[in-house]
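A short write-up of the structure that comes next.
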Amino acid sequence: MQFGLSTSPLILSMVCSIVLNLYQHLRSELKLQLEAFFSCLILRLAQGKYGASYQQQEVAMEALVDFCRQKTFMAEMYANLDCDITCRNVFKVLANLLSKSAFPVNCHLSAMHILALDGLIAVIQGMAERIGNGSISSEQAHVILEEYLPFWMVKCDNYADPVHWVPFVRRRKYIKRRLMIGADHFNRDPKKGLEFLQGTHLLPDKLDPQSVACFFRYTAGLDKNLVGDFLGNHDEFCVQVLHEFAGTFDFQEMNLDPALRLFLETFRLPGESQKIQRVLKAFSERYYEQSPQILANKDAALLLSYSLIMLNTYQHNVQVKKKMTEEDFIRNNRHINGGNDLPREFLSELYHSICKNEIRTTPEQGFGYPEMTPSRWIDLMHKSKKTAPFIVVDSRAYLDHDMFPIMSGPTIAAISVVFDHAEHEDVYQTCIDGFLSVAKISACHHLEDVLDDLVVSLCKFTTLLNPSSVEEPVLAFGDDIKARMATVTVCTIANGYGDYIRTGWRNILDCILRLHKLGLLPARVASDAADESEPSADPGHGKPITYSLSSAHLQSIGTPRRSSGLMGRFSQLLSLDTEEPRSQPTEQQLAAHQRTLQTIQKCHIDSIFTESKFLQAESLLQLERTLIWAAGRPQKGSSSPEDEDTAIFCLELLIAITLNNRDRIVLLWQGVYEHIANIVQSTVMPCGLVEKAVFGLLRICQRLLPYTENLADELLRSLQPVLKLDARVADAYCEQITQEVSRLVKANATHIRSQMGWRTITSSLSITARHPEASEAGFDGILYIMSDGAHLFPANYVLCVDAARQFAVTWTHEAKEAMREDDAGKMFQDVGDLWLRLAQGLRKVCLDQRDVRNHGLLSLDKCLTGVDDIHISHGLWLQCFDLVIFSMLYDLLQIAQGHQKDYRNMESTLILATKLLSKVFLQLLHELAQLTTFCKLWLGVLSRMEKYMKVKVRGKKSEKLQELVLELLKNIFVMKTRGVLMQRSALGGDRLWELTWLHVNNIAPSLQSEVFPDQDPELKHGETGSVVSGETVSVPSNEGAGAGS
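Taken in order, the sequence shown gives residues 1 to 1045; the numbers are from UniProt numbering.
Right under this line is the structure:
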């Protein structure tokens, strides 16, 4: 050790070589010696703070790097020294030294910097190589002390078995960290520091002298002034602590001089004489107890110790002019050894030792690197006999999860600085290897923050995040090997370790967007794996988003928004316009461009998104959020072409990861839908972005519906914003949207179950009925659903009928406007015949034995009352009454009277049928009243009501049916107010009046006298009309429809 401090680099190199050999073969016996070697020699010299020459620093650094190349060296330093409360954190200090030594501060990169980098990367690569050897702990065991345990007595059951020593060293490291935190608290406020340690169970709830003494003895970083004041205090507890503190020292076979030095190095000797006496008394008692040697008693040890302190003050205090001579010292110590003199040779040896080496009563604070003195060496030899055994670490990654976070930050910073200042490709490659090793370790141990920091550092070197300050960014990128290597490394990390990237996705995407803006990305960078086998939902309108990298398309690759530069010259050269001379690109420019293309191909940027299906959930969510953030929030007004292009590109990537993660669509869907909905709702003019959003949404629904049964309704509901597109946008894309919806239906009809889903589909199709270009595709979708009964369900039957009706109405009007009168009449007749057949078919459903008959009645109601836009002749209406309504009422009456046991809920069926009769009659009243056969029709209606009034259900008349008929009969007031039912009428009103009341009196004899107390219609016309308007409430929807007829 002493030879190592020689000024000769050769001697230092030989010493380091010898120690390296000792480490390789005898390290299990040299635990504390190795700590002393690095603390007192290598660290002192390598830092250059203690007068070491540059040659000494370089030799020390070379030696350190040689040690670092030993695969298990750093792991053993951490396990044996950093996790030992009595030792320094050698691993941490060495790692920091390597990191700091790699930093070129205001100077060029030197051999020392490269040497430190090699050592640092050797450590990192050693960790990376251990990853494949098993025994990797991805999470540090959670250590908590639940009860007080004397921390200085913690032992391991088996130092050779990793099952035992791995948790042991972690527990011991936890204790060491807590002690250091406690020391920090103690240095600010001793009382609070001790309370903190009690709270962490490192000191007992009730303090005892031994535990406090051991805290002072074994805790690094304590303020030695405070420790000295505490130990010198006259308080009884403090005195007890002082004696326990002295008892922790081993002075066996030590001379008084080194023993006293060792004792006083652990705290600052107080200045007050009483405190000094108490301290020296405790020391003397302990020393005499272990090394009496020639001392007669402990008083002799005390007097001699005190004399040594006095001698030290006289000899080394600059304020003392007259120094003590050897004779003075011997004379002062006469007769102190039990009344006898101590041997002169003994005292002379003590005198010369003190004169030559001062006893430092104000020892160094903190974590400096002390010089190895003889007293320290003697202490080391004593301690090495009692220290814990040396733990030999094999090639497995037992503690890398604990070690790597300590050095990751400084390592990334150091490699980054060297990479930034380096000028040679081999140094670049060394840095890249280090970056990749850091990424591998970070991913293996799930250290997301470390990986994010690495990505941020690397992205800075790509030059892609910097505003372009050069005229030709593509060529500049091709000429910058550092930028190209950094770009490939960033993408390699994203592809290989994307599971553990979080905020780093933002920087990665910024680089990708920059490459996109430069036109350097492949045309299908955002494609998903299944695109090649399935038709795209994108109709292909609008400009291409990206450009091909093939040599045939070189002219399209260049700097955007400028025509100068290599790519601009390529375009000019290859164009047909030869009016102006075109300059040829130089060989250097062609080579730079080729290097750029090769770099982009090595990046495999498309894999980042197509392989996103393998990303962990949290990383995938971060990637999604980053894409949405980069796309920006859509604006109502027009955005710049560059911003729109970026938004489109990000949307493409978002759609790609959505399609590639169909099994995890629930995780992504909320963010994807909200982003697309914002685009659709905020766009007022057709543009590439809204086109990509609309058709991307349709594509997602079409592709994912078969795999997401539990999310089918959510996917279909997402199409509703498409129905609310601005009119100009909707008109521009209506035909393509309809085609895609129709394609969606044909591919996924069996997966759409809910009424809400079908309502969205049928609305999307039927809304095109009035669009001249899209209506055919819309009707084709409706036809597909209805033509095959396999796709008709209770959830979509009525919706499909309504949608088909809308097409029929629209096409009828269009046909009427386009055809001659004769052809139009024939077409209306055909439509009316089809309508009557439909009504007759529904009549059969109304007679079904099952409960579906009530649904049939409701559908028949809509069929008969919802034909406002279809022209139905009066004759056809009369046929409908005879063949459909009256016939159905008759058949239902027969069923109710003869087959009630086979038909359940017949009462509700009869009520629905009666309401239908009244509703249809009132809606057509104005038109039918003009017919000569109206009286016959009206009497038929009254006749059916009379029969239904008297029908028996389950052996007795139905009160509900009777009340309904009476209520419906009051609708004759409508006939009165409209001039149809009058006592005197030019159209046989008297006969109609008489026959009406003849039937009504059979049903409700008191109705006429209650409603028409005065038979003179001329006197009560206005009053009756006002009453009727308030009474006709039995079929409110029908009255409204009738009034509007």
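Backbone N, C-alpha and C fix where the C-beta goes; we use that ideal spot for every residue, glycine too.
Distance CB(residue i)-CB(residue j) smaller than 8 Å
i, j, result
"A296", "N337", "yes"
"M786", "A769", "no"
"I870", "V831", "yes"
"N748", "Q702", "yes"
"residue 1091", "T430", "With the chain covering 1 to 1045 only, the question about residue 1091 has no answer from this structure."
"M61", "A128", "no"
"W165", "I391", "yes"
"V884", "A839", "yes"
"A63", "S101", "no"
"H201", "Y148", "yes"
"G632", "D643", "yes"
"K960", "I911", "yes"
"L621", "I665", "no"
"residue 1114", "H445", "Any answer about residue 1114 is impossible in this case: the structure gives the chain only from 1 up to 1045."
"T487", "T658", "no"
"A604", "N495", "Rather than Ala, the amino acid found at residue 604 in this sequence is His. In contact: H604 and N495 (Cβ atoms closer than 8 Å)."
"C880", "L916", "no"
"V722", "T683", "no"
Identity of the residue in the options nearest residue i by Cα
i, options, result
"A887", "A913, N905, V212", "Note on identity: in this sequence residue 887 is Ser, with Ala being the wrong assignment. With distances taken between Cα atoms, S887 lies closest to A913."
"L697", "E709, V729, V741", "V741"
"Q962", "K950, K970, G955", "K950"
"H899", "A929, Q930, D848", "D848"
"A808", "L883, M310, L834", "L834"
"T810", "H771, V941, P794, G789", "H771"
"Y306", "I276, K322, K440, I175", "I276"
"V418", "A111, F881, S775", "A111"
"I782", "M756, T738, H751", "T738"
"I309", "P270, I294, P343", "P270"
"V65", "D882, A95, I85", "A95"
"K191", "V941, G126, F230", "F230"
"E358", "T373, V801, Q806", "T373"
"D235", "R278, A246, L464", "R278"
"N1001", "V980, S943, S958", "S943"
N-terminal and C-terminal residue of the alpha helix (DSSP H) that residue i is part of
i, result
"Y890", "887 to 898"
"K155", "No alpha helix (DSSP H) contains K155, which DSSP labels as neither H nor E."
"K460", "448 to 461"
"F37", "31 to 37"
"F216", "209 to 218"
"S353", "344 to 356"
"S859", "852 to 865"
"C238", "236 to 246"
"S882", "It should be pointed out that residue 882 corresponds to Asp in this sequence rather than to Ser. Here D882 belongs to no alpha helix (DSSP H), and DSSP marks it neither H nor E."
"I309", "298 to 316"
"M254", "No alpha helix (DSSP H) contains M254, which DSSP labels as neither H nor E."
"H401", "400 to 421"
Burial state of residue i, where buried means 16 or more other Cβ atoms lie within 10 Å
i, result
"L719", "buried"
"H541", "Note that H541 has pLDDT 39, beneath the 50 cutoff, so the model's placement of it is unreliable and the number below is only indicative. Exposed is the call here."
"L10", "exposed"
"Q594", "exposed"
"G856", "buried"
"A414", "buried"
"E1018", "Its pLDDT being 42, under 50, E1018 is placed unreliably in this model, and the value from its coordinates should be taken loosely. Exposed."
"P473", "buried"
"I18", "exposed"
Contact belief for residue i with residue j at Cβ below 8 Å, rounded distance in angstroms
i, j, result
"L197", "G221", "In fact, because the Cβ distance is near 13 Å, the residues do not count as touching under 8 Å."
"V90", "S39", "7 Å"
"F249", "F237", "Between F237 and F249 the Cβ distance is about 20 Å, and since that is not below 8 Å, they are no contact."
"V450", "S416", "Actually they are not in contact, since the Cβ atoms of V450 and S416 sit about 13 Å apart, beyond 8 Å."
"residue 1049", "L937", "Missing from the structure shown is residue 1049; the chain here goes from 1 to 1045 and no further."
"E253", "S211", "About 29 Å separates the two Cβ atoms, so there is no contact after all."
"D208", "S353", "The pair is not a contact, with the Cβ atoms about 37 Å apart (cut-off 8 Å)."
"C83", "V169", "4 Å"
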